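Residue numbers (the numbering used here), protein chains in the order written: chain Y, 289 to 456; chain R, 390 to 805; chain F, 760 to 1603. Accompanying notes for the structure given below.
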Ligand SMILES: Cc1cc2nc3c(=O)[nH]c(=O)nc-3n(C[C@H](O)[C@H](O)[C@H](O)COP(=O)(O)O)c2cc1C
Ligand code: SF4
Ligand code: FES
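Written out as structure tokens, the structure reads:
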């Protein structure tokens, strides 16, 4: 696994480098690529991004640490970011999130035992009229309730099982 | 009539052909036929004010850009992270070409080399959609070199943030776009000045909604826009209503519409008939909270009138709370937001948000004392006005104003 | 624009330099200490700690006319900002009004301090900065009486987080001022520190490999306004109030960094005063407030157990301890026997006073050969003639100026010059680096932009032995670059000796001088020549008549008696054993025995720079004083006293009572030292920025300069502005034959020289023996990267690992001095290399 020399990313890296006036500007898009490749922003990812951009790895690490959407720890296959900010909380998000954590048997920020789900509460996601809501791997899922959520969890588990069978 | 949320009137206006068929790019073409300075004059005359929060006159901002500078930029603030705000998202999801057209008009008016649309990281899908739009426009010669045979060149790019509210603050946004920590910069120099903008070049930073208004102004004229709204707040505004109302959502209404009309006629009144409204945060977490009295309800929603009731219109993210809501809990929620989002650069904000959160938790836990309430009010006062960017003030607001308006909500936790 | 503006601070008007920073101006002119944490006058303001808030107003202007609006009494109306403003981000402007003592300002300071203290631990009693901590001081002055924060709510964080081997971070104490981050980024140019996370979780990190390990890292511990950063060398070593600061001069290189030795009487050192730490001492013209890590951490040799303790007498390898009395009379006898066939070789660590007494001794006996050691750099004479002009300050070079650095690796040879010249480039100077291989300085020259600022520079690469020709023919060979250099307002050329023979480096210096003369950059302030002569007193050697040519002559034709003073002949010169054998009487005075005892007749302990008074002349011809700080090791004597005593034993004259008295005599005899006296050298004046005070205003405990700013010696060009270019002297141009490579000795800052080895902290930073070879040369010889190779050049045989790269000219092998145990040739020598063993896996 690598970013450098990986044909999957070659084009995208080039595009990002082309769109800014300085190479440093591409650090954020490249960190997303690192996260995509390794599942989280690990040491290899940091050092590869640093190498591509000719930056000191400290600078790349610093950027990865500042922004919450980069994970510096391994996470589950599905990242569930549940908004519990004020507007969502006024419409039941806190209860919904409490239920979800119990359902998955995890605490805030933890990954479920099967490595499938990492849950985290997040600040407002600009979906306040659709509460409760969450982002799964940064894609919006809105107007949730327990039934809908159970169905989704089941669906994701099934998807994961299928893809595991498919490759193994 | 919708100027901004036209996706609601015209099916699939997010498709290029549909947008073009509905007056799309008329404004841009008109602008390209004018001198850049004329475009700025029209926007000035329209009275358009920034929709990102501060309400700064847009045309005036553009006119600050030094014409003789060879390189200039436009950055579109699509970071939309204020608690309770979700208007820019709808504009970009449903009417993306209008934003790009508005940005290009701005770019032409200041003769910018490129437009960067800075999206909050969670707007991943919107970014993809905008990229597709930009590609389509490049093919049609609306973006790139020699736009519409005018001899004017301009590129448009998107950039995804990665989870940081502070990057909505314009100078932090520029730092972030340059690959640095999203921390605000010392001003002056301001973004519009050489040395203060993107890559140190003079730069206009405008909110999505602000720019989405511009095609209308160019097409219909400044007067048409000025005819809408109030004397000092012209045009329509998208109000994001959330919380305890029947129909939360975005409502595009002329500025000057009363809170009452918005909350009762459009948003359907209280979520539960038997639980009247108690309070409103009219500008997300950052503006002063107000009790929803009749006087407040009858106040027109404009920059000038909001001031008269001791609050602001800001980003117009209107969060409604009914009588069941404990304001101590609200203060805690909002404080946790700012603690999470403080960039850490300034001492009062970094330490203050951390400290306030600890003490409010203590109060909510029943371990607090009446002194603690005084203390947090005092600490919040100490934060206000001492920081590099307004986040320090924003973080002070919820504490100061919840305690001011709802002292009993705090008192119940500390007397037992 | 006017040079000064008038500003009003708390009701009094001051005339201050236009463009100055409000904090600095208030301190300098009004003695008004606006409290700061993040602001530091050496770095760009960031306005983040918010400690310096003041009320700020400017004259109100009529919008239409732009005229200042007046009050009824005719005074200008002042419009105050509605909010308090940070003074540190404010540049003074005419008519500006500042209020620093209103209730609003006092409250704001109080509040910011209270905020800082909510997260700061109460461990002042055990903190290395306790007693010299700006946070502690400001808390006393502006702080809240009691914390309103609950103690149990404080964060607990790592207290001993190593950023590298040299600097530790206490995360609890850090107040997030970013001074350390900015120092590395802006001043050093190695952005290896940064913030991680955000908000209250913001922490200083490094993610570089190796960790925080730059040549200047220790400076961060001085500018850290709290005790968050401490050095591995000093932490927990002493309490600041137990320390006495003694002014001194770095004993390492031509920069002559002004330092303070923080001394304490120590049980571990026999109850004598010992160096607990080395700190920078402010001298804006020399090192500002920075020192290299070598200067800071390399002091352990001054009290190493391996130091020579007693005089020893012997012959043929059997030495026995002796008393000074016996040794002196035996020496007198031996010297008498030798007659006038006596010579001396002195190392560049000898003080002027030492050299004077040594010279008098040799000359008194009828000898005339005075050798400067090591005989590798021929530039001293040229510096005396064409050196950088009187009153120069590298800190003043900037836009419109130019710098050429040729045949030296400045980062390794004189790190402070590299730091200051890189800063000159940051300020707009055009930097050209010429050499036959890559160097860090070359990276800066070619960087293009730093910190969003365009920086201008070029690099020239030349082949083996081409340096002189490149310099001489710069106008024809590199026309565009040469023209830019020639047209610059001010031009400084740093000409070294890398890749050159002794005569070659002389020729290079003359060629550089000619370029300076022809382009009218001579005899003026901030113009002229610099040379990275080895050691702290290369110029002193020159002025006192010690020359590298004499050393070469002594080596070729050894005298009957030779005095070797603070020169490690065997470590430096692979031929030394051979030619020393021909000397009848060898008198060796030094700190350590480099093996010479086998052929020496007298081995005598002398004192290091820390143990006595003395003076050095730095590469900018500045005579600078150092003071007695540490108790002596064993029975060691100051070298001047030793030589004076020998003279006394020979009945030549009485021993001088003090180093000052030696200087007095010296200054009367040597023109260059005219007017130099210890008193004159000790003169100080207030320096801008005002960082040196006891108030610790900007932090940095020992910046205060009480020891003197030194005196610059005029160059020939300073006295005569109409110097003409000269023909280049004949020079030996070594090149390798067809079958050979040219083995070029190069300098590494961290090496295994005797006086550096005892600083064990630095041991891990000394690289394993290596040699840099061009890819193609290596390929021809079947050498791969990391292979163990044998290098044979002249008398030397050295083993080292091969480092391959195209970053060196073909035909050259760069071989660092003093890294391997074996001596390597003093100057470039043709040689052969061969592979001994294949590379082994990392680690070796
Ligand atoms: C802490 C903070 C957060 C902000 N967040 C946003 C934001 O998410 N979107 C936005 O458009 N403006 C935001 N702003 C306002 C911007 O700094 C800036 O004023 C605005 O983008 C200017 O555009 P406008 O003139 O079109 O309103 C924020 C300001 C602050 C101080
Ligand atoms: S470690 Fe010291 S210098 Fe660095 S940010 Fe913290 S307080 Fe400032
Ligand atoms: S903000 Fe001015 S000194 Fe820190």
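Note that beta-carbon positions come from the ideal geometry of N, C-alpha and C, so glycine has one too. All of these numbers come straight from a predicted model, not from anything done at the bench.
First through last residue of the beta strand (DSSP E) which encompasses residue i
| i | result |
| --- | --- |
| residue 1320 (chain F) | 1320–1324 |
| residue 955 (chain F) | 953–955 |
| residue 1384 (chain F) | 1381–1385 |
| residue 733 (chain F) | No answer is possible for residue 733 (chain F): the residues shown for chain F start at 760 and end at 1603. |
| residue 424 (chain Y) | 422–424 |
| residue 717 (chain R) | Per DSSP, residue 717 (chain R) belongs to no beta strand (DSSP E); it is in the alpha helix (DSSP H), 716–730. |
| residue 640 (chain R) | 638–643 |
| residue 1591 (chain F) | 1588–1596 |
CB of residue i within 8 Å of CB of residue j, strictly
| i | j | result |
| --- | --- | --- |
| residue 1468 (chain F) | residue 1444 (chain F) | yes |
| residue 1475 (chain F) | residue 1143 (chain F) | yes |
| residue 435 (chain R) | residue 615 (chain R) | yes |
| residue 777 (chain R) | residue 806 (chain F) | yes |
| residue 1087 (chain F) | residue 1404 (chain F) | yes |
| residue 763 (chain F) | residue 776 (chain F) | yes |
| residue 1484 (chain F) | residue 1586 (chain F) | no |
| residue 810 (chain F) | residue 942 (chain F) | no |
| residue 593 (chain R) | residue 707 (chain R) | no |
| residue 1534 (chain F) | residue 1564 (chain F) | yes |
Residues that DSSP places opposite residue i in a beta bridge
| i | result |
| --- | --- |
| residue 399 (chain Y) | Y:406 |
| residue 427 (chain R) | According to DSSP, residue 427 (chain R) bridges with nothing at all. |
| residue 367 (chain Y) | Y:406 |
| residue 814 (chain F) | F:858 |
| residue 1462 (chain F) | None, per the DSSP bridge assignment. |
| residue 623 (chain R) | R:618 |
| residue 1018 (chain F) | F:1007, F:1039 |
| residue 294 (chain Y) | Answer is none; residue 294 (chain Y) lacks a bridge partner. |
| residue 773 (chain F) | F:766 |
| residue 1244 (chain F) | The partner list for residue 1244 (chain F) (beta bridge, DSSP) is empty, contrary to what the question assumes. |
Boundaries of the alpha helix (DSSP H) in which residue i is found, first to last residue
| i | result |
| --- | --- |
| residue 1004 (chain F) | Unbroken run through residue 1004 (chain F) is the beta strand (DSSP E), 1003–1008; no alpha helix (DSSP H). |
| residue 1573 (chain F) | Careful: residue 1573 (chain F) lies outside any alpha helix (DSSP H), inside the beta strand (DSSP E) at 1571–1575. |
| residue 605 (chain R) | 603–609 |
| residue 1334 (chain F) | Taken as a continuous stretch (DSSP letters only), residue 1334 (chain F) belongs to no alpha helix (DSSP H), as it is neither H nor E. |
Quiz item: So which residues touch the region around ligand 3, with touch meaning a C-beta under 6 Å from any heavy atom?
Solution: The set of residues with any CB-heavy atom separation to ligand 3 below 6 Å comprises, in chain order, F:795, F:796, F:797, F:798, F:806, F:807, F:808, F:809, F:810, F:811, F:845, F:847.
Quiz item: Which residues, taken in chain order from the segment 341–353 of chain Y, show a beta carbon closer than 7 Å to some beta carbon of chain F?
Solution: Look at the segment 341–353 of chain Y: the residues with a C-beta under 7 Å from a C-beta of chain F are 344, 345, 346, 347, 349, 350, 353.
Quiz prompt | Interface positions of the segment 864–898 of chain F facing chain R (Cβ-Cβ less than 7 Å), listed along the chain | solution = Taking 7 Å as the Cβ-Cβ cut-off against chain R, the residues of the segment 864–898 of chain F that qualify are 867, 870, 871, 874, 875, 877, 878.
Self-check item: Members of the segment 941–962 of chain F near chain Y, C-beta cut-off 8 Å
Solution: Within the segment 941–962 of chain F, the qualifying residues are 949, 950, 951, 952, 953, 954, 955, 956, 957.
Quiz item: If you measure beta-carbon to beta-carbon, which residues of the segment 718–741 of chain R are closer than 8 Å to chain F?
Solution: Listed by position along the chain: 728, 729, 730, 731, 732, 733, 734, 735, 736, 737, 739, 740, 741.
Quiz item: Going along the segment 512–523 of chain R in order, which residues come within less than 7 Å of chain F, judged by CB to CB distance?
Solution: With the criterion set as a beta carbon lying under 7 Å from some beta carbon of chain F, the segment 512–523 of chain R has no members that meet it.
Exercise. Using a Cβ-Cβ cut-off of less than 7 Å, list which residues of the segment 424–453 of chain Y approach chain R; keep chain order.
Key: Residues passing the 7 Å Cβ filter: 426, 427.
Quiz prompt | Interfacial residues, the segment 554–584 of chain R to chain Y, with Cβ spacing under 9 Å | solution = Residues 554, 556, 565, 566, 567, 568, 569, 570, 571, 572.
Quiz prompt | Near-chain Y residues of the segment 683–710 of chain R (beta-carbon distance less than 7 Å), N- to C-terminal order | solution = Within the segment 683–710 of chain R, the qualifying residues are 708, 710.
Exercise. Below 9 Å between beta carbons is the criterion; list the residues of the segment 526–546 of chain R that meet it against any residue of chain Y, in chain order.
Key: Cβ contacts with chain Y come from 544, 546.
Quiz item: Any residues in the segment 965–981 of chain F with a beta carbon nearer than 8 Å to a beta carbon of chain Y? Which ones, in chain order?
Solution: For the segment 965–981 of chain F, which is checked against every Cβ of chain Y, the residues closer than 8 Å are 965, 966, 967, 968.
Quiz item: Which residues, in chain order, does the segment 772–793 of chain R contribute to contact with chain F at a C-beta distance below 7 Å?
Solution: From the segment 772–793 of chain R, only 774, 775, 776, 777 have a Cβ closer than 7 Å to chain F.
Quiz item: Looking at chain F, which residues of the segment 304–324 of chain Y have a Cβ within less than 7 Å of any of its Cβ atoms?
Solution: Taking 7 Å as the cut-off between beta carbons, none of the residues of the segment 304–324 of chain Y comes near chain F.
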